[in-house]
Amino acid sequence: MNNAIECNNLTHYYGSKRIVENLNFQVKEGTILGLLGKNGTGKTTVFNILNGFLRPTDGKCLIFGEDTQCLSPATKSRIGFLIEGHVQYSFMNVKQIEKFYSGFYPKWKPGSFWEIVKKLDVSKNQKISTMSWGQRSQVALGIILAQDPDLLILDDFSMGLDPGYRRLFVDHLREYAKSENKTIFTTSHIIQDMERLIDDVLIIDFNKVMVQSSVSDFLSNFKRFDFELENDDVELDNETLIVNIEKVRNKVELYTYSSERDIRNYLAERSVTPINFSQVTMNLEDAFIGLTRKY
Amino acid sequence: MLLSVFYKEWLKTRWFVILYTAMGIVAIGYIFMALKHSFNFSGTRSIWSTILFQGNQFYKIFKFIPLAGGIIVAIAQYLPEANDKRIKLTFHLPLGENKALMVMQAFGALSLLVAFFVFLGLIYFLGLIYFPVQMVWDIVLTVLPWSVSGLSAYSIVSFIILEPRWPFRFLYSIVGGLFLSFHFVHAGTACYGPALSGLFLMSLLLITAPLSSGYRFRKG
Chain A
1 MNNAIECNNL THYYGSKRIV ENLNFQVKEG TILGLLGKNG TGKTTVFNIL
51 NGFLRPTDGK CLIFGEDTQC LSPATKSRIG FLIEGHVQYS FMNVKQIEKF
101 YSGFYPKWKP GSFWEIVKKL DVSKNQKIST MSWGQRSQVA LGIILAQDPD
151 LLILDDFSMG LDPGYRRLFV DHLREYAKSE NKTIFTTSHI IQDMERLIDD
201 VLIIDFNKVM VQSSVSDFLS NFKRFDFELE NDDVELDNET LIVNIEKVRN
251 KVELYTYSSE RDIRNYLAER SVTPINFSQV TMNLEDAFIG LTRKY
Chain B
296 MLLSVFYKEW LKTRWFVILY TAMGIVAIGY IFMALKHSFN FSGTRSIWST
346 ILFQGNQFYK IFKFIPLAGG IIVAIAQYLP EANDKRIKLT FHLPLGENKA
396 LMVMQAFGAL SLLVAFFVFL GLIYFLGLIY FPVQMVWDIV LTVLPWSVSG
446 LSAYSIVSFI ILEPRWPFRF LYSIVGGLFL SFHFVHAGTA CYGPALSGLF
496 LMSLLLITAP LSSGYRFRKG
């Protein structure tokens with residue numbers, strides 16, 4: 001399987017502030033990859049570099065083998081791009097925006113656009129600027145799907161949407177991507193939406209890739225054990241075994257890639273007898289917070 | 296694709312272009328109505344005398360109309376693109392980024408040129424009702440630099456709006472303001488004649504200035 005996106009040794013500084021350093025990742029064609037990271041970890045920087053709106057200090061990203069700093073019009077026509085906040089040409093109405101974009105994309109599918117728009121309570125002559133966030137998101141989605149792109153780059157698609165529109169957006173997108181074998185690279189602050197949409201996850205934290213794998217592999221390998229301590233003065237800090245520990249008084253949440261037996265052995269070595277020791281099933285949001293810490 | 300870009304620009308600017316053109320036509324109409332009134336009340340000899348020997352530019356109210364037009368069209372065209380960084384959508388179209396910007400600039404310049412020829416045509420033909428050809432040409436030569444200022448102002452304002460950083464916008468405003476002042480140096484009728492081609496050439500070259508702002512925007 002070829003890479004739709006490939007970033008090699010991506011490094012970027014704003015002045016002397018390091019944002020990303022030696023970031024390497026790939027997005028295989030036909031997969032849906034979600035980029036997760038806390039605020040300020042470089043997600044927007046990566047998106048801007050991918051879209052050619054920022055020149056990296058070092059390294060480069062390729063889309064369909066072309067440097068993102070100088071994508072050819074032919075390659076651009078294969079990419080559907082959603083700007084954070086579902087920004088579109090708000091001075092146009094629905095009919096005008098369809099007419100405008102149809103002139104650029106040889107594979108333009110008006111049916112895909114109108115199918116989404118007809119679900120909205122809007123007339124063809126309604127201006128985008130008078131629509132709600134949710135309606136605008138659907139118009140933006142309709143434009144992207146009608147382009148019939150091979151790769152969709154979606155920057156924070158959940159922003160400003162109520163739960164109903166988020167669900168509509170995610171379900172429509174996943175169905176489309178899977179039935180048409182499209183590639184999606186996306187980010188969102190609402191991780192429940194991401195979990196419903198993506199196949200693979202890329203988690204970055206300040207200057208490093210923490211995880212790149214399928215969501216199912218990540219959730220089966222990364223574990224959380226909860227227990228209580230008899231003595232809450234005990235310090236648990238084995239970096240090879242423990243990824244993160246969240247401790248409030250004597251209650252402990254321990255995050256690890258190790259097995260239950262390894263953790264129990266480690267606690268026994270430290271003469272710690274855990275009370276109510278149990279493995280807790282995590283969703284993607286729990287795992288993300290467990291991996292990157294709450295604060 | 297080019298027609299689609301023109302369509303987008305037309306949707307943004309149509310009312311402003313129409314308003315500007317109407318404003319110019321009304322101003323020219325007013326100038327010639329006032330002239331007719333002066334001829335009727337002050338007599339032909341007196342008016343001719345003030346025009347020929349005292350440098351009376353009876354069409355002076357037209358002076359800043361093209362400048363206002365250039366500014367209005369640039370704002371109407373580029374402010375929606377700068378808001379929410381909407382220009383990213385244009386740069387992402389399957390068209391070279393520079394080509395997209397140049398097509399946008401061509402649209403703005405063409406709409407100003409259409410208004411420019413309408414105004415000059417009106418001034419020329421209405422002028423012929425009252426004056427001989429040589430005098431009308433002098434009037435046209437006098438209003439030409441003012442008309443060219445519209446094109447220059449359009450490019451300068453576009454350049455400033457697209458620029459991503461405020462200190463550069465400030466700098467461009469100062470330099471642009473100085474350049475625009477060249478179009479309005481106090482001079483007698485038709486005195487700009489020898490400088491007109493240079494001024495027009497510089498205005499045409501300025502049309503490419505927003506390419507620099509666009510590049511700076513794209514490279515962060």
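Residue numbers (the numbering used here), protein chains in the order written: chain A, 1 to 295; chain B, 296 to 515.
C-beta: ideal position from N, C-alpha, C; glycine also.
Near residue i, what residues of its chain come up, given a Cβ to Cβ distance below 8 Å and the 5 sequence neighbours on each side ignored?
{"i": "Lys-95/A", "result": "Lys-124, Asn-125"}
{"i": "Asn-93/A", "result": "Lys-124, Asn-125, Gln-126, Lys-127, Ile-128"}
{"i": "Leu-241/A", "result": "Thr-256, Ser-258, Asp-262, Ile-263, Tyr-266"}
{"i": "Thr-273/A", "result": "Glu-230, Leu-267"}
{"i": "Arg-270/A", "result": "Val-234, Leu-236"}
Return helix, strand or coil for residue i, following the three-state DSSP convention.
{"i": "Lys-126/A", "result": "In the sequence as presented, Lys is not what sits at residue 126/A; that position holds Gln. In the structure shown, Gln-126/A sits in coil (DSSP, three-state: anything other than H, G, I, E or B)."}
{"i": "Tyr-510/B", "result": "helix"}
{"i": "Ile-366/B", "result": "helix"}
{"i": "Ser-112/A", "result": "helix"}
{"i": "Ile-190/A", "result": "coil"}
{"i": "Phe-465/B", "result": "helix"}
{"i": "Met-1/A", "result": "coil"}
{"i": "Cys-486/B", "result": "coil"}
{"i": "Phe-426/B", "result": "coil"}
{"i": "Ile-455/B", "result": "helix"}
{"i": "Leu-54/A", "result": "coil"}
{"i": "Gln-96/A", "result": "helix"}
{"i": "Thr-183/A", "result": "strand"}
{"i": "Ile-63/A", "result": "strand"}
{"i": "Tyr-373/B", "result": "helix"}
{"i": "His-12/A", "result": "strand"}
{"i": "Phe-477/B", "result": "helix"}
{"i": "Arg-18/A", "result": "strand"}
Could you give the first and the last residue of the continuous alpha helix (DSSP H) run that contains residue i?
{"i": "Ile-326/B", "result": "297 to 337"}
{"i": "Tyr-89/A", "result": "Run containing Tyr-89/A: none; DSSP gives neither H nor E here."}
{"i": "Ala-146/A", "result": "133 to 147"}
{"i": "Met-497/B", "result": "491 to 501"}
{"i": "Leu-384/B", "result": "382 to 387"}
{"i": "Phe-357/B", "result": "Taken as a continuous stretch (DSSP letters only), Phe-357/B belongs to no alpha helix (DSSP H), as it is neither H nor E."}
{"i": "Lys-208/A", "result": "Note, Lys-208/A: premise wrong, no alpha helix (DSSP H); beta strand (DSSP E) at 208 to 214."}
{"i": "Lys-76/A", "result": "73 to 76"}
Determine the extent of the beta strand (DSSP E) in which residue i is found, giving its start and end residues.
{"i": "Tyr-165/A", "result": "From DSSP, Tyr-165/A is part of no beta strand (DSSP E) but of the alpha helix (DSSP H) over 163 to 180."}
{"i": "Asp-200/A", "result": "200 to 205"}
{"i": "Lys-223/A", "result": "223 to 228"}
{"i": "Leu-154/A", "result": "151 to 155"}
{"i": "Cys-79/A", "result": "Checking the sequence, you will find Ile at residue 79/A rather than Cys. Taken as a continuous stretch (DSSP letters only), the beta strand (DSSP E) holding Ile-79/A covers 79 to 82."}
So, for residue i: in the same chain, excluding its five sequence neighbours on each side, which residues have a beta-carbon less than 6 Å away from its beta-carbon?
{"i": "Phe-47/A", "result": "Asp-155"}
{"i": "Arg-196/A", "result": "Val-170"}
{"i": "Leu-439/B", "result": "Leu-491"}
{"i": "Ser-453/B", "result": "Ala-369, Tyr-373, Pro-505"}
{"i": "Lys-43/A", "result": "Leu-35, Gly-37, Thr-187"}
{"i": "Glu-6/A", "result": "Gln-26, Leu-62"}
Please work out which residues of its chain come closer than 7 Å, Cβ to Cβ, to residue i, disregarding the five sequence neighbours upstream and downstream, and give them in chain order.
{"i": "Pro-375/B", "result": "Lys-307, Arg-381"}
{"i": "Ser-162/A", "result": "Ser is not the amino acid found at residue 162/A; the sequence shown has Asp there. Here the set comprises Gly-134."}
Report task. Taking only runs that begin and end inside the region 233 to 295 of chain A, name each unbroken beta strand (DSSP E) of 3 or more residues, in chain order. Result -> 242 to 248, 251 to 256, 275 to 280
Requested in this report: Spell out a yes or no on whether the region 224 to 233 of chain A and the region 247 to 267 of chain A are touching, meaning 3 or more CB-CB pairs, one atom from each, closer than 8 Å.
Outcome: yes
Query raised in the report: Just checking, does the region 75 to 93 of chain A make contact with the region 133 to 152 of chain A on the three C-beta pairs under 8 Å criterion?
Result: yes
Requested in this report: Mind the definition here: the region 17 to 24 of chain A touches the region 45 to 59 of chain A only if three or more C-beta pairs lie below 8 Å; say whether that holds.
Outcome: yes
Requested in this report: Could I get the ranges of all uninterrupted alpha helix (DSSP H) runs contained in the region 21 to 55 of chain A, with 4 residues as the minimum, in chain order?
Outcome: 43 to 50
Query raised in the report: Does the region 55 to 68 of chain A come close enough to the region 202 to 217 of chain A that 3 or more CB-CB pairs lie under 8 Å?
Result: no
Query raised in the report: Hey, is the region 296 to 313 of chain B in contact with the region 390 to 405 of chain B, meaning 3+ C-beta pairs nearer than 8 Å?
Result: yes
Query - Contact between the region 144 to 158 of chain A and the region 70 to 83 of chain A (3+ Cβ pairs under 8 Å) - result: yes
Query raised in the report: Would the region 320 to 327 of chain B and the region 109 to 122 of chain A be scored as touching if the rule is three or more Cβ pairs under 8 Å?
Result: no
Query - Cβ contact check for the region 404 to 415 of chain B and the region 313 to 321 of chain B: 3 or more pairs under 8 Å - result: yes
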